[in-house]
Each structure stands twice: as structure tokens, then as C-alpha cells.
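2 protein chains.
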Amino acid sequence: MSRTQESGYTAGIDVGGTKVFVCVADPQGNPVIKSKLRTPTESDPESFFRWLFEELALLLVERGLQVYDLSGIGVGFPGVIGDNAGILTNAPAFRWPAIDVRPIILKYYTGSVYLDNDVNMAAWGENWMGAAQGKRHVMMITIGTGIGSAFIFNGELYKGANNAAGEIGNWVVDSCLINNDHGKGEKFGPFEEATSGTGIGIAARDYLSQGGRKSKILEMAGGILERIEAKHVVTAAAEGDETAKKIMDRPLNYMAVGIANAVSLLNPEVVVLGGGVVDSGDYYVNEVRDRASKLTPLPVNIVLATLGNEAGAYGAIAAARLKAELHQKKEKINF
Amino acid sequence: MSRTQESGYTAGIDVGGTKVFVCVADPQGNPVIKSKLRTPTESDPESFFRWLFEELALLLVERGLQVYDLSGIGVGFPGVIGDNAGILTNAPAFRWPAIDVRPIILKYYTGSVYLDNDVNMAAWGENWMGAAQGKRHVMMITIGTGIGSAFIFNGELYKGANNAAGEIGNWVVDSCLINNDHGKGEKFGPFEEATSGTGIGIAARDYLSQGGRKSKILEMAGGILERIEAKHVVTAAAEGDETAKKIMDRPLNYMAVGIANAVSLLNPEVVVLGGGVVDSGDYYVNEVRDRASKLTPLPVNIVLATLGNEAGAYGAIAAARLKAELHQKKEKINF
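For the protein sequence lines, the chains are X and L, in the order given. Position in the first sequence counted from 1, then plus 58, gives you this note's numbering. Position in the second sequence counted from 1, then plus 58, gives you this note's numbering.
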């Protein structure tokens, strides 16, 4: 057994467009380092990973550890990552070309590395110690700037044939939209347009730009129309604001239809909702649960994610620990 | 090793509402017995299984075998069967109450038995030697009297939290239907109503019952309105009959939206379509593929099932062989 597998510390890194969350867990799986860093702007893959490993080394040294004490590292990325290939494709947040990041990482760390999509990592995290703890069949949906989803089926991550499972932004829930050219070259799909934070913000600004309409929403945005975001709309709706409730009706109905259809299809034990649009309280989850329950005879168990923006880093740790464990047992690694 | 595991013959039995298909494979997996029997009417579970094992014994004896030479038996049923429980629930074709069929089967056979839903068995069958051979991520949809679906994810059957995955008859693909009370006590869901053979037949009879409408459909049904079935409509549409194409437009659009949404969600390697409505040629599959491809950016690989009504029995053999094999290796049986 090499030194790298002895210590049993693991690092989980959740790379986002604006923040990078680094978490290191001890051999028992308890987080002992947590740090939120600002994502460097305009960096290429080479300089990004050099920066990342320098920051990681600095955090570790404070606890008398170094990178080679880690038995594994998990990294979650906002993009599609090939199953065993380590090739990062379609990462719009970074505007990088499709690239195999493994040789770059190998310069700084030669131990076990697990790379995956950030939404998959968040699902692992919620499954490990969050809202889906102990569940074998999980659907996770994150509703933020865009819409993403991830699955755990039979206790394993499910990614689909091209690692592209979970592209629910493209869902069609209203057949009168059939004649549009969905998902072909557009940034957002029709479902994403209606239900994402971006879409809710646009709908609210459009609605309130017309004169004579009263709502708490504008107040919450400091009286400035251009500053209205989805969180203002959701919070105002939760407080009973009629205009906000009206604006939320379409996104809530669309999400309810989408979730009800996924429940009819997949019969998950739990549907975990996370992301900026839903994390302001129970209003969103309760509304979607009530509406979705009327649209499928199967049980609709919708819950709020509990790990917030730490889910991805925890999931990266869980994945790294599992990979290291399977590696030691010389078992087939299914991811 | 007991005698039952020595011979390596396995039986696959697909129980349907009108027919029971029995197939026996030799140790190499080659079918050596195939027989289609008429399902006894009005039988209770006790007399049904007595009849079934008598028939099986008769078929085996012709080849010098008996039931106890089988190393495993797989049985597919039109209903929901608990994962490890062997409890048959919700089997409307038989009007039996929820019942644990294992003690009944045990009277006639004490070896390895694998029970499952008929659609799951058909998916196993197509995966073993049909249209989804060698694929690890498969969605199968059967479009017959009703609508059913089954999944293979990461190379394993996926059944969901309550073994109820695949209830796509309840899908909502048109949000103007939201106000209806879907799936609550109704026999068919809104998607099933539009897309099933039953639904297509009703739509055609309704349309043609109004005077002055010309179509090949009525001809194909021998000129008798009440005899019109979905297969007449699909065949006439495939031959270019304008009325039939018009009637098929809604079921094809609904199915295309449903499949496109499932593809966006699950990114399967292949979507296999089977059942009476689709098996008359390429027309249905081509139409649905063309329409669905416009509704998702992910690859839509739709193919026709190749094993026809033998898929369920083959799948039952595949499942029985896998179970016997895992049992011998003392590996965890995940189904």
C-alpha cells in the first residue's frame, strides 16, 4: 500500500463559475477543512489547476498535511465529464475547449482522482449526508441560473449513454410548444426558460416594467427594476404577494408537470430540490409537491436539499472515498 | 451442488391475459422448447399454477426432461411484483387479489424462481438477444392495449422505490390537461388514453362514426365500425391514408414528446418500442423518431423490438439464468 492510501484524508472540490469550495475530510469522513475561494477569472485550464493545487496545499499545510497525504481527491465541475475519460466537455462557465484535464492534474497529484459534473456531485453529497441519506433511488434537481438534474439508481450514480442524463432544461411539458425548434442552438430549453432563476427573473422584470403594477418584488430589489432576481419573486410569493404568486404560477406548474412525469417514469424514493431558487424556505417545495401530487398516482416525495452550496464538495469527498475504497479492495469501479 | 443446478436448463414463462408463452433453453441458452398456450379463464392463483406446471411438465417430458431438471424458472406477469417478496399486486388481467405466489409455486418447484413484471422481462429479453443486445442503458416502451415501460440502467434492471417505475401512462405532455384529475381512480392516464392501442381504436371509431368520411381503415376492419382496432389505423396510415394519418397525429406527437422528455432526462443508449401498435412495420418508429428528434438536443435512438411476443419468455430465461449463476457464485442478487 502506497503512502497516499495510508492517511485516509480525502479532498472534495466543487468548482463553480464564481466560487470554488474546498473541503477536506479526515479518515472518518468528518470535514476538517472548509474554504470558499473566488474562482479566478479568465484562466485557462493549466493556470486554473496550478492555482487550485497551490490553494489546496496552503489549506492543508495549516493542518500539517500536504497534497500527497490525501488518499483521493474528488472534483466537481459545471460541465459534462466523460465516464472514465476525464475529458471536460461543454463547460460554458469557463469557456474552455473540450479538454482532458487528467494530465494537467497529474502534474500536481498522482493519487486517485474522481472527476464529475457538479450536479452529480451534489446528488452524491445529499445521498451521503443530506436530504437523501440512505436512499437507493434518488432524483436531484437544482434550480439556479439554469436547471440541472442527477440520479442515483440502485445505489449508483446514473449518467446515461453520453454522460448527458439530466438535461431536463429541454423538457417539453406543453405540447403547444411542439412547433418551436427546441434545444437546437438555443442556450436554454423551453422548460429551463420557464422554470430557471434566469427565466423567473426575466418574467418578473417584463411584468413589472409595465406601469401601474404593485408588488413587494420591486421593494426587495431596492426599487430598481434591473436588480430583480428570482429570489425576490419567490420570497415575495411566499409572503403572499399576489403579483409574485401570479408570476410564479407558470414556473411552478411547469416544474410540477416535469416532476410528476419523472415520478411516473422512475418512481424515485425521493426528489431532492436544491439551488438558489428553492433554498429560501418551504414555499417552493410545498407548492410543487401539491401540484405534482395531483398529476401522478405514484407517491411524490419532494424534499429540500439540506447541504446547500456545500453539497457538491461533500459529494466529491464521498465519491473520492468510494473510489479509493473500491481501489483498495480491487473491486470493479463502476464510475 | 444440488441436482437442480446441474442440468443448466432454464424455463422462461410469459403469462399474458390471453396467452401463456413457455420457452425452455438448454445450458448454452438456446431455446429448445417453445409453446404458446391459451390462458385458462376465470382461474384462481392455485389452479392457475397447477395448470401451468402440468403443462410445463408435459412439454419437458417430450424431451426427456422433468421440472426438477431445470436450474431455474423465470416467470413474467402482467402486474406489479415486489422485489424480493414475490407478492403479485395489481394484476388486473387476472382480477386476483394481492397474493404471494411463491408458496403456491413451491408446491411444484423448489429450485431458483425469478418473478417479475412482463414488461421488465421483455426488456431483459431484448437486452439479451434482441434490439438492445449489449446495451447498458435501455428504455423499453410497449404500446399495446395499454402503455408500459421498463429500464435497464448501468446494465441492471431498474424498478424504482415501489417497483412501480415505468408508469408512463400517467404522463402529462400537454399542460392544458393540468386541471384534470389524472390517474386518480381512472383506469387509463391521459398519456395512455391518447397513445395506447385502446385509445387509438376509440379515436378512430369516434371519427369514422360521423358520416361522409372515407378511409381504408373501415375496409380493413371488414366494413364493421366496431371491429376497428389500432393496427388498422397504423397500417392505413403507413399506406398513406389521409384519415388514418390525421387520427395518428395526436398519438404520434404525444409519444414523441414523451420519448424526447425521457431522452433528455435519461440519455439512454436505445429506446426500444414493442407491442401490437408498433409491430406492423417501420412507419410508427420512423414517425416518432422524426418528431422526437426535433424536441431534444440529445441523440434519439429509437428502434423496433425484434423478439415480438417472445421477448418476455426470453427475458424470463435470461433472468433465471442470471439468478442461478449469481446464486452459484454466492454473489449478491440485486433483483
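Where is the CB? At the ideal position from N, CA and C, for every residue including glycine.
(request) Following the continuous beta strand (DSSP E) through Gly130 (chain L), name the residue where it begins and the one where it ends. (result) 128-135
(request) Return the residue from the list L:Lys92, L:Trp109, L:Gly137, L:Ala189 that minimises the CA-CA distance to Ile163 (chain L). (result) L:Trp109
(request) For Gly137 (chain L), count neighbouring Cβ atoms within 10 angstroms of its own Cβ and tell me buried if that reaches 16, exposed if not. (result) buried
(message) Under 9 Å, Cβ to Cβ, is there at least one residue of chain X near Ser101 (chain L)?
(response) no
(request) Spell out whether any CB of chain X is found under 9 Å from the CB atom of Ser170 (chain L). (result) no
(message) Out of L:Thr97, L:Leu365, L:His290, which one is the CA nearest neighbour of Met278 (chain L)?
(response) L:His290
(message) Quick check: the Cα distance between Ala69 (chain L) and Leu276 (chain L), rounded to an integer number of angstroms?
(response) 42 Å
(message) Once DSSP output is grouped into helix, strand and coil, what is the label at Arg379 (chain L)?
(response) helix
(request) From the DSSP output, in three-state form, read off Asn175 (chain L) for me. (result) strand
(request) Return the CA-CA distance between Asp176 (chain X) and Leu114 (chain L), expressed in angstroms with no decimal places. (result) 53 Å
(message) Pairs of beta-carbons, one from the stretch 193-202 of chain X and one from the stretch 318-333 of chain X, closer than 8 Å: are there three or more?
(response) yes
(request) Determine which residues of the stretch 188-220 of chain L have a Cβ less than 7 Å from any Cβ of chain X, and write them out in chain order. (result) His195, Phe211, Asn212, Glu214, Tyr216, Gly218, Ala219, Asn220
(request) Verify whether the separation of the beta carbon atoms of Ala377 (chain L) and Asp174 (chain L) is less than 9 Å. (result) yes
(message) Looking at the strands, I want to know which residues DSSP matches up with Leu365 (chain L).
(response) Paired residues: none, contrary to the question.
(request) Kindly list, in the order they appear in chain L, the residues whose Cβ is closer than 7 Å to that of Thr253 (chain X). (result) Those within 7 Å of Thr253 (chain X) in chain L number zero; the least Cβ separation is about 12 Å.
(request) Could you please give the first and the last residue of the uninterrupted beta strand (DSSP E) stretch that includes Pro89 (chain X)? (result) 89-96
(request) Could you check what DSSP says for Phe106 (chain X) in three-state terms: helix, strand or coil? (result) helix
(message) Within a Cβ cutoff of 7 Å, which residues of the same chain sit near Arg347 (chain X), ignoring the five residues on either side of it in sequence?
(response) Val358, Ile360
(request) Apply the 10 Å Cβ neighbour rule to Arg271 (chain X) and answer buried if 16 or more other Cβ atoms are within range, or exposed otherwise. (result) exposed
(message) Short of 6 Å in beta carbon distance, which residues of its chain neighbour Lys242 (chain L), apart from the five on each side in sequence? Order them along the chain.
(response) Here the model assigns Lys242 (chain L) a pLDDT of 43, short of 50, so the residue's position is not dependable and the matter cannot be decided.
(request) Could you tell me whether any Cβ in chain L is nearer than 9 Å to the Cβ of Ile226 (chain X)? (result) yes
(request) Let me know if Asn344 (chain L) comes out buried or exposed under the rule of 16 or more other beta-carbons within 10 Å of its beta-carbon. (result) exposed
(message) Helix, strand or coil, according to DSSP, for Val80 (chain X) in the structure here?
(response) strand
(message) So with CB distances below 8 Å, who are the chain L contacts of Pro309 (chain X)?
(response) Neighbours of Pro309 (chain X) on chain L: none; closest Cβ ~12 Å, over 8 Å.
(request) Compare the C-beta of Ser322 (chain L) with all C-beta atoms of chain X and state if any pair is closer than 9 Å. (result) yes
(request) Evaluate Arg160 (chain L) with the Cβ neighbour count: other Cβ atoms within 10 Å of its Cβ, from every protein chain shown; 16 or more gives buried, anything less gives exposed. (result) exposed
(message) So the candidates are X:Pro89, X:Thr354, X:Val80, X:Tyr312; which of them puts its Cα closest to the Cα of Glu112 (chain X)?
(response) X:Val80
(request) Could you check if Lys217 (chain X) is buried or exposed, using at least 16 other CB atoms within 10 Å of its CB as the buried criterion? (result) buried
(message) Is it the case that the stretch 122-136 of chain X contacts the stretch 177-185 of chain X, given that we only count it when at least three CB pairs across the two stretches are under 8 Å?
(response) yes
(request) Leaving out five residues on either side along the sequence, give the residues of the same chain with a beta carbon under 8 Å from the beta carbon of Glu244 (chain L). (result) Annotation note: pLDDT 43 at Glu244 (chain L) (below 50); position unreliable, coordinate value reported separately. Excluding sequence neighbours, Glu244 (chain L) sits near nothing in its chain.
(request) Find the residues of chain X that neighbour Pro98 (chain L), judging by a C-beta separation of less than 9 Å, and give them in chain order. (result) In chain order: nothing, as chain X lies at least about 30 Å away.
(message) Quick check on the DSSP output: the beta strand (DSSP E) that includes Gly73 (chain L) runs from which residue to which?
(response) According to the sequence displayed, residue 73 (chain L) carries Val and not Gly. Element bounds for Val73 (chain L): 67-73.
(request) Confirm, please, whether the CB-CB distance from Val230 (chain X) to Ile258 (chain X) is below 9 Å. (result) no
(request) Verify the CB distance criterion: does Ala376 (chain L) have a CB-CB separation below 9 Å to chain X? (result) no
(message) Residues of the stretch 319-346 of chain L in Cβ contact with chain X at a cutoff of 7 Å, in chain order, please.
(response) Asn319, Ala320, Ser322, Leu323, Leu324, Asn325, Pro326, Glu327
(message) Please tell me whether Ala350 (chain X) and Ala296 (chain X) are closer than 9 Å, where the distance is taken between their beta carbons.
(response) no
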